[in-house]
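The next block holds one structure in the form of structure tokens; read it before the comments.
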Amino acid sequence: MLIVSVLAAAIVPGFALLAYFYWKDRYDTEPISIVLKMFMFGVLIVLPIMIVQRSLVLWWGESPFVYSFIISSGVEEFFKWFVLYHIIYNHTEFDEPYDGIVYAVAVSLGFATLENVLYAFLQPATFGTLFMRALLPVSGHALFGVLMGYSFGKAKFSVGKGVKLHLWLALLVPIVWHGFYDFMLLTFPPTWLWTAVPFMFLLWFIGMRMVNNANAVSPFRFLKREEEVKF
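Count along the sequence shown starting at 1, add 394, and that's the number in our numbering.
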């Protein structure tokens, strides 16, 4: 019974956040089967990420800067970016800017959820620590996904040089934010909570503005309004 409770505590935050961002799609919600498939891709990349990260630690060591911006955030965000670009970017269901956010959040939360489960069973986790992980690392991965997905959405509907620019931003922006978060935790351990909480508030603020901006430029928003007027 305790195992089931711990497992639920580790899994629920990821699905709750996924549902939240899924329902934020105002005009043309994505097929839930594809969203869950992207979530599972996020789960599947955990093992190769762990292997690459372990290899890089043995090679480069664990200096806070290198670990934060290359080994941790660099590797993790690259794998997420790679999955999104090669599996969903050219998919016919990716037909409005907000879709980039939905799919990027799904991949990010798939990764974060399995990472949370491993933490719950491999570390002496309590419900308190799992709650804190839900508020910080899990929601952090969701918001890094928003940053990535927003730029993917911009790239999808840009032309010319704008496409490559936003594809690069889809990779680099979350690496920088994720790296700064990790660097902060590694270098400010006694007071990390006092810096992490304002950081997360700022990240949520930026993320929700991106959510609203992506919805605001949906090509389906006019169709939706016309249907409401007819009704």
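Backbone N, C-alpha and C define an ideal beta-carbon position, used for all residues, glycine too.
Whole-angstrom distance between residue j and residue i, CA atom to CA atom
{"i": "L512", "j": "A610", "result": "38 Å"}
{"i": "K548", "j": "G494", "result": "8 Å"}
{"i": "G455", "j": "Y461", "result": "8 Å"}
{"i": "E487", "j": "E424", "result": "7 Å"}
{"i": "R420", "j": "V605", "result": "10 Å"}
{"i": "F472", "j": "L565", "result": "7 Å"}
{"i": "I464", "j": "F614", "result": "38 Å"}
{"i": "F515", "j": "E509", "result": "10 Å"}
{"i": "H572", "j": "I428", "result": "26 Å"}
{"i": "K624", "j": "G556", "result": "Low per-residue confidence applies at K624: pLDDT is 42, beneath 50, and the placement is therefore not dependable, though the value from the model is reported in the following sentence. Distance between the alpha carbons of K624 and G556 is about 37 Å."}
{"i": "A413", "j": "F551", "result": "25 Å"}
{"i": "A403", "j": "P531", "result": "14 Å"}
{"i": "V406", "j": "V451", "result": "31 Å"}
{"i": "E620", "j": "F577", "result": "Its pLDDT being 47, under 50, E620 is placed unreliably in this model, and the value from its coordinates should be taken loosely. Answer to the nearest angstrom: the Cα atoms are 49 Å apart."}
{"i": "I445", "j": "T581", "result": "24 Å"}
{"i": "G436", "j": "L597", "result": "21 Å"}
{"i": "I482", "j": "D489", "result": "11 Å"}
{"i": "K431", "j": "V553", "result": "28 Å"}
{"i": "E622", "j": "L503", "result": "With a pLDDT of 43 at E622, under the threshold of 50, the modelled position of that residue is not reliable, and the figure given next carries that caveat. Distance between the alpha carbons of E622 and L503 is about 33 Å."}
{"i": "L411", "j": "S612", "result": "22 Å"}
{"i": "P583", "j": "S467", "result": "18 Å"}
{"i": "W453", "j": "D422", "result": "46 Å"}
Limits of the unbroken alpha helix (DSSP H) element including residue i
{"i": "T507", "result": "491 to 516"}
{"i": "Y544", "result": "533 to 550"}
{"i": "V437", "result": "426 to 438"}
{"i": "H485", "result": "No alpha helix (DSSP H) holds H485; DSSP gives it neither H nor E."}
{"i": "P568", "result": "555 to 581"}
{"i": "K474", "result": "467 to 477"}
Residue from the options with nearest C-alpha to residue i
{"i": "F593", "options": "A404, W562, S533", "result": "S533"}
{"i": "W417", "options": "M434, S545, Y497", "result": "Y497"}
{"i": "H535", "options": "P568, L559, L563", "result": "P568"}
{"i": "L579", "options": "P458, Q447, V440", "result": "P458"}
{"i": "Y544", "options": "D489, S502, G601, T507", "result": "G601"}
{"i": "R448", "options": "M432, V469, F433", "result": "V469"}
{"i": "M434", "options": "N484, F409, W562", "result": "F409"}
{"i": "H485", "options": "M542, F546, I439", "result": "F546"}
{"i": "L561", "options": "F574, M542, V570", "result": "M542"}
{"i": "K474", "options": "G539, F415, P491, Y492", "result": "G539"}
{"i": "F476", "options": "I443, P491, W453, Y492", "result": "I443"}
{"i": "I439", "options": "Y492, V501, P491", "result": "V501"}
Tell me the start and end of each unbroken alpha helix (DSSP H) in the stretch 583 to 610 that is at least 4 residues and wholly inside, in chain order.
586 to 610
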